[in-house]
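Position in the sequence shown (first residue = 1) + 30 = our numbering.
Here's the structure, in structure tokens; my notes come after.
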Amino acid sequence: MSRRILVLAHTGRRAAMTAAQEACTQLHSSGLIPVMRRRDLEDIQAEYGVLTAPTEILDEDVALDDVDLGMVLGGDGTILRAAELVRGTSVPLLGVNLGHVGFLAESERADLAQTVHWVVERAYTVEERMTIDVKVWLGGELISRTWALNEAAVEKADRQRMLEVVIEVDARPISSFGCDGVVLATPTGSTAYAFSAGGPVVWPEVEALLLAPISAHALFAKPLVVSPASVLAVEILTRTDAAGVLWCDGRRSIDLPPGSRVEVTRSKTPVRLARTHLTPFSERLVRKFQLPTHGWRGPAPVPAAGTQLSPAADGDTAPGRRAARDAAVSDSGGIVE
């Protein structure tokens with residue numbers, strides 16, 4: 031039975047439609063069945079007409095549970111939209127970057143043909159990325175519930191007025207201050223909004239939750255990294271009438287009147303991302319942000335078994351030299367162990 035590959039693209043961009051057409055054509059030629067959403071397929075058919083590769087329509091010809099993998103053609107925003115679609119299923123996402131940084135993407139536009147080859151050959155691994163559950167309370171009543179892969183950002187609703195908040199970890203207040211907002215993020219989101227707010231970069235395999243204040247007017251308003259089992263909360267104080275707004279992954283928004291409380295916990299439902307490279311995260315970080323590494327010499331080589339180390343390499347432990355050193359230390363009042 032042929033495998034079905036869901037192709038998701040930002041069809042508002044011509045480059046993405048071109049890449050989607052190429053991907054569908056190459057998948058079909060390799061014996062796989064490309065699948066698209068009807069709206070995306072109609073956009074591509076309007077552009078390419080009869081040249082469009084034979085494609086099944088999601089939720090009409092095939093169910094999402096019958097899809098083997100999702101190829102996402104676009105930037106991180108497109109991948110976040112795709113995550114909304116597949117979360118809660120076993121379908122992994124493989125991103126092909128057509129945007130700028132594209133930290134969630136696994137390959138670049140120039141590697142599209144190679145990426146299709148990897149998909150055909152199943153030459154990828156799947157990793158699970160932590161997501162967060164987000165609850166909004168008002169007056170003791172749960173008024174909204176959502177989730178995020180990157181972050182939940184509490185922001186001021188009025189650009190001219192500062193937001194007054196108190197931050198909390200595990201039902202204990204940490205600090206209150208005026209600010210432009212607070213970012214509550216996952217390790218995956220540490221290189222997104224939280225990064226711009228001055229938060230730390232956290233390796234994806236680290237299990238943790240992050241909190242990063244935005245332009246806080248306070249002596250203590252440092253980024254926090256806490257246990258994944260912790261509960262993070264931000265309360266909007268009522269000492270002013272300034273309201274806020276909650277944005278999850280920059281896609282879903284909820285109004286936050288004074289007195290609102292936003293709680294973030296680790297979700298039991300991850301998002302699955304496909305990896306075609308075993309590139310260390312440190313290398314991806316350097317490449318994506320174009321960080322300077324000139325002058326790096328690397329770790330010292332490990333001596334082969336049985337190699338005789340020179341006195342200098344042996345930690346200065348030659349008998350004569352060590353005796354002289356110990357005598358000098360003892361004469362100067364030091365302690366010789």
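C-beta atoms are modelled at their ideal positions from N, C-alpha and C, and glycine is treated no differently.
In this structure, 121 is the residue among 233, 121 and 42 with its C-alpha nearest to the C-alpha of residue 36.
For residue 249, the closest alpha carbon among the candidates 194, 227, 328 and 207 is that of 207.
Between residue 217 and residue 243, the gap from beta carbon to beta carbon reaches 9 angstroms or more. The three-state secondary structure of residue 66, taken from DSSP, is strand.
A check of alpha carbon separations from residue 154 across 136, 175 and 90 identifies 136 as the nearest. In this chain, the alpha helix (DSSP H) harbouring residue 106 covers 106-116. In this structure, residue 63 keeps its C-beta atom at 9 angstroms or more from the C-beta atom of residue 111. Looking at the DSSP output, residue 165 bridges to 175 and 293. When DSSP reads this structure, residue 270 sits in no beta bridge, so it has no partner. Note on geometry: alpha-carbon atoms of residue 219 and residue 74 lie some 31 angstroms from one another. Here residue 267 really is in contact with residue 288; their C-beta atoms are around 7 angstroms apart, less than 8 angstroms. Approximately 5 angstroms separates the beta-carbon atoms of residue 187 and residue 275; this is inside 8 angstroms, confirming the contact.
Here residue 259 is exposed, its C-beta having fewer than 16 other C-beta atoms within 10 Å.
In this structure, the CA atom of residue 238 is about 26 angstroms from the CA atom of residue 173. Excluding the 5 residues flanking it on each side, residue 77 has same chain C-beta neighbours closer than 7 angstroms at 47, in chain order.
Between residue 157 and residue 190, the alpha-carbon positions lie close to 42 angstroms from each other. Bridge partners of residue 242 according to DSSP: 213. Boundaries for residue 128: no alpha helix (DSSP H) harbours it, and the DSSP string shows neither H nor E there.
Membership of residue 237 in any alpha helix (DSSP H) is not indicated, and neither H nor E is assigned to it by DSSP.
Annotation for residue 286: the continuous beta strand (DSSP E) segment containing it runs 282-286.
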